[in-house]
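This report refers to the structure that appears directly beneath it.
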Amino acid sequence: MLKKFLSIILMLVIYVFISIVSFLIVIIFLVCMADNFFEESLNKKRLKNSILYDHKIFPNLTKSIFFYQRLDSSDEGYWIVVYPLDNKTKVNFLSKKQLQGQKKITYSTVECIKPTIKKRWKTFNSNIHYVQPPELLRDHDDFERHDSFNVYGSEKNIGLVEQVCQQNKFIILEESQKNDHLYWAISANGKLLFSVYKID
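If you want it as structure tokens, here you go:
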């Protein structure tokens with residue numbers, strides 16, 4: 167009788183334990199899904215607003231081909247929209263550059279990406295891309311994540327963007343208004359326009 171009673175108690179304890187663990191797994195899954203949904207909707211909104219603003223300034227821009235984020239910390243960083251550069255937009259860009267009072271073209275670096283060494287799923291529409299960090303940062307806590315970036319949407323043109331970024335020569339047009347937008351940059355080879363926004 168005692169054996170049967172202990173067996174029932176043990177089964178009950180196991181059942182309660184499995185129920186609690188299952189409940190916790192479901193809760194963790196739902197929290198992760200909610201976080202993914204929030205990040206997806208935020209990225210969608212950022213991309214939409216960025217494209218609207220960029221087309222307001224450069225009406226001839228074609229459809230964007232790449233959207234990525236570089237984060238300095240969990241809350242701060244940059245999001246960048248990349249467009250193929252057409253001749254009308256290039257002429258418009260260079261005339262705006264001259265209006266800023268810079269007659270001489272100087273080349274600068276921008277918030278760019280390095281070639282990916284591995285990637286990991288982040289949300290339904292994005293992946294985190296890891297790159298080879300500089301060796302002098304090996305002792306840092308975030309060594310593996312250093313210079314990593316998140317790609318939102320299609321990764322079809324990542325090779326082109328990486329290639330242009332490796333040349334690391336851009337003509338920059340600073341933003342004149344006070345908003346999240348920092349600058350536009352065209353690659354020295356004239357293939358791409360980068361539009362860079364600040365994340366606070």
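Sequential numbering from 167 applies to the sequence shown in the working numbering. Positions of the beta carbon are idealized from the N, C-alpha and C atoms, including for glycine.
What would DSSP say about residue i, mapped onto helix, strand or coil?
{"i": "residue 279", "result": "coil"}
{"i": "residue 289", "result": "strand"}
{"i": "residue 316", "result": "strand"}
{"i": "residue 351", "result": "strand"}
{"i": "residue 231", "result": "coil"}
{"i": "residue 336", "result": "strand"}
{"i": "residue 356", "result": "coil"}
{"i": "residue 342", "result": "coil"}
{"i": "residue 172", "result": "helix"}
{"i": "residue 251", "result": "coil"}
Roughly how many angstroms lie between the CA atoms of residue i and residue j, to the nearest whole one?
{"i": "residue 222", "j": "residue 265", "result": "18 Å"}
{"i": "residue 224", "j": "residue 296", "result": "32 Å"}
{"i": "residue 277", "j": "residue 364", "result": "10 Å"}
{"i": "residue 206", "j": "residue 172", "result": "50 Å"}
{"i": "residue 358", "j": "residue 196", "result": "40 Å"}
{"i": "residue 332", "j": "residue 284", "result": "18 Å"}
{"i": "residue 187", "j": "residue 220", "result": "49 Å"}
Are the CB atoms of residue i and residue j nearer to each other than 8 Å?
{"i": "residue 319", "j": "residue 233", "result": "yes"}
{"i": "residue 217", "j": "residue 247", "result": "yes"}
{"i": "residue 353", "j": "residue 317", "result": "no"}
{"i": "residue 226", "j": "residue 254", "result": "yes"}
{"i": "residue 282", "j": "residue 249", "result": "no"}
{"i": "residue 235", "j": "residue 315", "result": "yes"}
If I measure Cβ to Cβ from residue i and keep anything under 6 Å in the same chain, skipping five residues before and after, which residues do I get?
{"i": "residue 237", "result": "243"}
Please check the pair residue i and residue j, which I expect to be a contact at CB under 8 Å, by giving their CB distance rounded to whole angstroms.
{"i": "residue 323", "j": "residue 231", "result": "5 Å"}
{"i": "residue 289", "j": "residue 215", "result": "That belief does not hold up - the Cβ atoms of residue 289 and residue 215 are roughly 19 Å apart, past 8 Å."}
Might you give, ordered along the chain, the residues of its own chain that have their beta carbon closer than 7 Å to the beta carbon of residue i, omitting 5 neighbours on each side?
{"i": "residue 287", "result": "293"}
Who are the near neighbours of residue i in its chain, counting only those whose CB is closer than 8 Å to its CB and skipping five residues on each side?
{"i": "residue 336", "result": "273, 274, 275, 276, 351, 352, 353, 354 and 360"}
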